[in-house]
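S.K.: Pasting a structure below so you can have a look.
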Ligand SMILES: Nc1ncnc2c1ncn2[C@@H]1O[C@H](COP(=O)(O)OP(=O)(O)O)[C@@H](O)[C@H]1O
Ligand SMILES: [Mg+2]
């Protein structure tokens, strides 16, 4: 049982009359690349927001088991606490600190777990300076890892779509996460960038050992990267299984695949 | 009427309206008995400008308006060329390497001037005016800059902490109707750390529950806090001494080394407070470029994204608020000992708005900007206080400050010497880049 | 100990009992005035999401305009009968006119419109509003003196009738009539007319309203005109009973804003209701609280509301919730 990073049991999330998530149960195993797919408005982002403490489902439980043996309940905890517990994420519409450089964006992630430190900052003793050096070091490594080293001093607002996605991933990784949640990371990127992205996602898992939860519209990308999938439709899980199983699942084909093909072709 | 003519007419009208307004603002005052007199005499009164020419005021301002119109027309026609040619120069000053040099040389000049001011100005009134109205305000503005400029929170109750700092000093030195703690008055210098601790606590107590609020609501809540402090300091007569102020005099700082005793006079205070200014600058520069400063930037720009990397926004906001509060309390303690009396009438909203104006004018988030802005505005205020032009009343200052606030928001929202981050944020927000957050100037509806 | 507490409260309750109807009457008049000012805050907030900090100076403008009229036509006389009525109606009209022009053609044009055209973020408006408030307040102080001035009385303020032994004077009647008429008129305008429809459309979603063909600039101008007129009329009426002065707007302004929040900011009827509640609470608190601390009561209500129930009593109908 303890090999689950997220153990989601029967959550239901409503906004007024709208039911965004309807009795969703999901298991996310440590170390796997799991994908959540489904048509627009199916509730994928709502699920992400519930997992990260941004939304509070009215029913059900979400257990986060980031550091093994210390399970915590997600519902009712602030988003920053879930993040500190080891869950990093990216946003569907990328959210960087756009007046800061690429480097600064990632560095903020790298140092966000170190206490408050106002006094330390003003005294600037050896410990503070060591901390700064460590963060700089880590930031450089991560920028190198995601391939943004050359753009370290570029304003993040002037990065390309693909680069912004990678920046968000680097910023998330800088917080030393156990799990990384990616909300449509390939949206708005070109085919070459999609390939790079797929590689990057695999490397994050293989080299850094980070568990990955992926929302994606691009079926080719999902099918090539994900090891297991959940399919959402109108807030409910309609299927789960390996890519091959999903591909041949009639319910999924009816609900999703048909419409998604047209969607992706429209988008690109 | 064609649209072109209407545009022209508008432009002419607005220039003459501006000139008329300036004529009224700089003109003689009216009074309760003759309320229209100020208005009429602002236009129909012989007036000499630096003794150069003498005419009816309306003629002078009419001419001003015409000249200004002409200048604007010229600028519109050939301003592009001028700007293009000076761009090289400006970029030269603002290039990363040069900017530093520019700032550094400005700092050296200011430091040198500051060193000689007490010798250049011998009038003791002006000397103490500079300490309490310029130097103390630089510290105050630097403190408010942490709250407004860095954390992006509009604090209109800043004066409340200043008042608390001042009253704590009066209390510690035994100058309040209530006894000093442990019936043992201490020196006013020893009261400073206590004032800092009290105001910091007050900041945490006020901030922790209120800083979750939306920006505009927070402004009103802090305003309410400031007004409550004002009402109490006026009416809790047997604690604060009421509207008459504290009594007897709060002692000035004194130092005893062996048998020697040094009593801080005006010049002593000048250099001491100038020293405090320097210390504040150094500490806050370190703070700005620390992870705390970066966390504030992150929260200001996108609170949701900041939370997603584990930053607790409330904690950092409370911290900024408490730092601002303690700086305000510190300034309150220092000026209380310098002036010797604590009057409630000082603690009105006017005070908070005055400090806010300095931060906005200098450039939110920019230490250099805030310092220059404060020195400039408060320097002029002191000058006007001691050498009032005819028709000028002390309270007219707030009229000018109000106008300054509007003009800054319209023409230069990032301030006189903007912080680079802030300037980017403001213009990005206006271009629709970035996300909605509880941010002072980066928030979008 | 407990005996003294009981006697303390019993004297205060005795005071409340003896002055109850008197306090209720003044609560009603204060409430109407707060309500009339509060609708201005609420309308501007509903449309621009802006706390119009300078609204208190719009209120002051109306008071001064009415004052000048009284000064000119009353002087040292004590008018009566039809003359009184004419003067009072004139004072209200002039106050309303001056304030609405000030709000719509000076304040909005100079301090807000340039920011709106630039799509400046909301707190930039608030800072501009604070600047405008300080500017107008001190300009008035410079021109008209900084001490409070007594308004020449256009009427004898005789007693009209008594409620349970306490007087209901001409002033009270005047405020109640003016208050009811203006608030009802406003309600009809907003809920029944085409102008009202465009107002509500802009409040809900500016962009959509604009796409539907609503003239945004015009709607905003009308908002300021209406809100200004209400505040100006209230300013004159306020000045009639107390004084006129450059800083007279500050405290009533905060109280009216509190009323607007109390009723749910952005909600018109809420603002009227909030004004009435606050006026009552303040007056009925009088026997228990030293007069100097009455303002603290309002501030505490305001702070408490913003912290614990920012949507007010009737809900923040047009606004978003934090
Ligand atoms: N904050 C919110 N308020 C109201 N409704 C919301 C909110 N977030 C999501 N929803 C609703 O939940 C449903 C699922 O949305 P979402 O999770 O964004 O879908 P997806 O990411 O799969 O496209 C939609 O109908 C959406 O309108
Ligand atoms: Mg989504």
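Protein chains in written order, with our numbering: chain V, 247 to 514; chain Z, 3 to 447; chain A, 749 to 1070.
From the three backbone atoms N, C-alpha and C, an ideal C-beta is built for every residue, glycine too.
What are the residues of the stretch 372 to 385 of chain V that lie near chain Z, defined by any Cβ-Cβ distance shorter than 9 angstroms?
M.R.: 374, 377, 378 and 381
S.K.: I want to know whether the stretch 837 to 846 of chain A touches the stretch 947 to 960 of chain A - three or more CB-CB distances under 8 angstroms.
M.R.: no
S.K.: When the Cβ atoms of the stretch 312 to 324 of chain Z are set against those of the stretch 204 to 224 of chain Z, are three or more pairs found closer than 8 angstroms?
M.R.: yes
S.K.: Report all residues from its chain with a CB closer than 7 angstroms to the CB of residue 215 (chain Z); omit the five preceding and five following residues, and keep chain order.
M.R.: Residue mapping note: residue 215 (chain Z) aligns to position 213 of the second chain, counting from 1. Counting only Cβ-Cβ distances below 7 angstroms, and skipping sequence neighbours, we find 223.
S.K.: What separation, rounded to the nearest whole angstrom, lies between the Cα atoms of residue 309 (chain V) and residue 351 (chain V)?
M.R.: For the purposes of this step, residue 309 (chain V) is taken as residue 63 along the first chain, with counting starting at 1. For the purposes of this step, residue 351 (chain V) is taken as residue 105 along the first chain, with counting starting at 1. In a straight line, the C-alpha of residue 309 (chain V) is about 29 angstroms away from that of residue 351 (chain V).
S.K.: Determine the direct distance from the alpha carbon of residue 297 (chain Z) to that of residue 313 (chain Z), and round the result to whole angstroms.
M.R.: Here residue 313 (chain Z) refers to the residue found at position 311 of the second chain. Here residue 297 (chain Z) refers to the residue found at position 295 of the second chain. Roughly 7 angstroms between the two C-alpha positions.
S.K.: For residue 128 (chain Z), I'd like the list of residues in its chain whose CB is within less than 8 angstroms of its CB, leaving aside the five on either flank, ordered along the chain.
M.R.: The residue given as residue 128 (chain Z) occupies position 126 in the second chain. Cβ within range, chain order: 384 and 388.
S.K.: Would you kindly report the start and end of the unbroken alpha helix (DSSP H) that includes residue 309 (chain V)?
M.R.: As a working mapping, residue 309 (chain V) is identified with position 63 in the first chain. Element bounds for residue 309 (chain V): not the alpha helix (DSSP H) but the beta strand (DSSP E), 305 to 310.
S.K.: From the DSSP output, in three-state form, read off residue 284 (chain V) for me.
M.R.: By one-based count along the first chain, residue 284 (chain V) stands at place 38. In the structure shown, residue 284 (chain V) sits in coil (DSSP, three-state: anything other than H, G, I, E or B).
S.K.: Can you list the beta strand (DSSP E) stretches of 3 or more residues lying completely in the stretch 332 to 398 of chain V, in chain order?
M.R.: 333 to 335
S.K.: Let me know if residue 454 (chain V) comes out buried or exposed under the rule of 16 or more other beta-carbons within 10 Å of its beta-carbon.
M.R.: Walking along the first chain from the start, residue 454 (chain V) turns up at place 208. Classification for residue 454 (chain V): exposed.
S.K.: Taking contact to mean at least 3 C-beta pairs separated by less than 8 angstroms, is the stretch 896 to 908 of chain A in contact with the stretch 184 to 202 of chain Z?
M.R.: The stretch 896 to 908 of chain A, when compared against the stretch 184 to 202 of chain Z, does not touch it at the 8 angstroms Cβ threshold.
S.K.: Does the stretch 477 to 485 of chain V come into contact with the stretch 438 to 451 of chain V, if we say contact requires no fewer than three beta-carbon pairs (one atom in each stretch) closer than 8 angstroms?
M.R.: Cβ pair count under 8 angstroms is below three, so no.
S.K.: Measuring alpha carbon to alpha carbon, tell me which residue in Z:340, Z:86 and Z:144 is nearest residue 268 (chain Z).
M.R.: Working through the second chain from its first residue, we reach residue 268 (chain Z) at position 266. Here the closest residue by C-alpha is Z:340.
S.K.: Threshold first: 3 residues or longer. Then list the beta strand (DSSP E) segments lying entirely within the stretch 989 to 1070 of chain A, N to C.
M.R.: none
S.K.: Assuming residue 435 (chain V) and residue 411 (chain V) are in contact, meaning their beta carbons sit under 8 angstroms apart, how far apart are those beta carbons, in whole angstroms?
M.R.: In the first chain, the residue the question calls residue 435 (chain V) occupies position 189. In the first chain, the residue the question calls residue 411 (chain V) occupies position 165. About 7 angstroms; that satisfies the 8 angstroms criterion.
S.K.: Under 8 angstroms between C-beta atoms, does residue 379 (chain Z) make it to chain A?
M.R.: Within the second chain, the letter at position 377 stands for residue 379 (chain Z). Output row for residue 379 (chain Z): interface = no.
S.K.: Let me know the secondary structure DSSP gives residue 437 (chain Z) once reduced to three states.
M.R.: Along the second chain, one-based indexing puts residue 437 (chain Z) at 435. Its pLDDT being 46, under 50, residue 437 (chain Z) is placed unreliably in this model, and the value from its coordinates should be taken loosely. Shown here, residue 437 (chain Z) sits in coil according to DSSP, grouped into three states, outside any helix or strand.
S.K.: Once DSSP output is grouped into helix, strand and coil, what is the label at residue 263 (chain V)?
M.R.: Reading the first chain from its first residue, position 17 is the one you call residue 263 (chain V). Residue state, collapsed to three classes: coil.
S.K.: Return the CA-CA distance between residue 916 (chain A) and residue 770 (chain A), expressed in angstroms with no decimal places.
M.R.: Along the third chain, one-based indexing puts residue 916 (chain A) at 168. Along the third chain, one-based indexing puts residue 770 (chain A) at 22. Within the model, the alpha-carbon separation for residue 916 (chain A) versus residue 770 (chain A) is close to 8 angstroms.
S.K.: Enumerate, from N- to C-terminal direction, the unbroken alpha helix (DSSP H) stretches of 4 or more residues contained entirely within the stretch 17 to 70 of chain Z.
M.R.: 39 to 45
S.K.: Starting from the C-beta of residue 958 (chain A), find all residues in its chain whose C-beta is less than 7 angstroms away, skip the five residues before and the five after it, and write them out in chain order.
M.R.: Taking the first residue of the third chain as position 1, residue 958 (chain A) is located at position 210. Here the set comprises 964.
S.K.: Among all residues, which have a Cβ less than 6 angstroms from at least one non-hydrogen atom of ligand 1, and in what chain order do they fall?
M.R.: V:261, V:264, V:266, V:284, V:286, V:287, V:288, V:289, V:290, V:291 and V:292
S.K.: Taking only beta-carbon atoms, is residue 316 (chain Z) less than 8 angstroms away from chain A?
M.R.: Position 314 of the second chain holds residue 316 (chain Z). No, its Cβ sits nowhere closer than 8 angstroms to a Cβ of chain A.
S.K.: Figure out for me which residue from A:759, A:1002 and A:1013 has the closest Cα to the Cα of residue 1078 (chain A).
M.R.: Because residue 1078 (chain A) is not part of the residues shown, which for chain A are 749 to 1070, the question remains open.
S.K.: Taking any Cβ of chain Z, which residues in the stretch 948 to 974 of chain A have a Cβ under 7 angstroms from it, in chain order?
M.R.: With the criterion set as a beta carbon lying under 7 angstroms from some beta carbon of chain Z, the stretch 948 to 974 of chain A has no members that meet it.
S.K.: Spell out the partners DSSP gives residue 529 (chain V) in its beta bridges.
M.R.: Lying outside 247 to 514, the shown extent of chain V, residue 529 (chain V) is not represented and no answer is given.
S.K.: Checking 8 angstroms against the spacing of the C-beta atoms, do residue 815 (chain A) and residue 980 (chain A) come in under that value?
M.R.: Position 67 of the third chain, counted from the start, is the residue given in the question as residue 815 (chain A). Position 232 of the third chain, counted from the start, is the residue given in the question as residue 980 (chain A). No, they are not a contact pair.
S.K.: For residue 1053 (chain A), which residues from the same chain have a beta carbon less than 8 angstroms from its beta carbon, with the 5 sequence-adjacent residues on both sides left out?
M.R.: Counting from 1 along the third chain, the entry for residue 1053 (chain A) is found at position 305. Here the set comprises 1006, 1009, 1010 and 1060.
S.K.: Measuring CA to CA, which of Z:199, Z:141 and Z:172 is closest to residue 251 (chain Z)?
M.R.: Within the second chain, numbered from 1, the residue matching residue 251 (chain Z) stands at position 249. Of the listed residues, the one whose Cα sits closest to residue 251 (chain Z) is Z:172.
S.K.: Anything in chain A within Cβ reach of residue 355 (chain Z), meaning under 7 angstroms, just list it in chain order.
M.R.: On the second chain, residue 355 (chain Z) is found 353 positions in, with the first residue counted as 1. By Cβ distance, chain A contributes 878 and 882.
S.K.: At a Cβ threshold of 8 angstroms, is residue 348 (chain Z) touching chain A?
M.R.: On the second chain, residue 348 (chain Z) is found 346 positions in, with the first residue counted as 1. At a cut-off of 8 angstroms between beta carbons, residue 348 (chain Z) makes no contact with chain A.
S.K.: Would a check of beta-carbon distances place residue 306 (chain Z) closer than 8 angstroms to chain V?
M.R.: For the purposes of this step, residue 306 (chain Z) is taken as residue 304 along the second chain, with counting starting at 1. Answer yes: the Cβ-Cβ gap between residue 306 (chain Z) and chain V drops below 8 angstroms somewhere.
S.K.: Take residue 288 (chain V) and list the residues in its own chain whose beta-carbon comes closer than 6 angstroms to its own, dropping the five residues that flank it on each side.
M.R.: Here residue 288 (chain V) is taken as the residue at index 42 of the first chain, counted from 1. Contacts found: 478 and 479.
S.K.: If I'm right that residue 328 (chain V) touches residue 296 (chain V) with Cβ under 8 angstroms, what's the distance once you round it to whole angstroms?
M.R.: Here residue 328 (chain V) refers to the residue found at position 82 when the first chain is read from its first residue. Here residue 296 (chain V) refers to the residue found at position 50 when the first chain is read from its first residue. Actually they do not touch by this definition, with Cβ atoms about 10 angstroms apart.
S.K.: Taking C-beta to C-beta, are residue 375 (chain Z) and residue 418 (chain Z) nearer than 8 angstroms?
M.R.: Residue numbering aside, residue 375 (chain Z) sits at position 373 when the second chain is read from its first letter. Residue numbering aside, residue 418 (chain Z) sits at position 416 when the second chain is read from its first letter. Going by C-beta atoms, residue 375 (chain Z) is nearer than 8 angstroms to residue 418 (chain Z).
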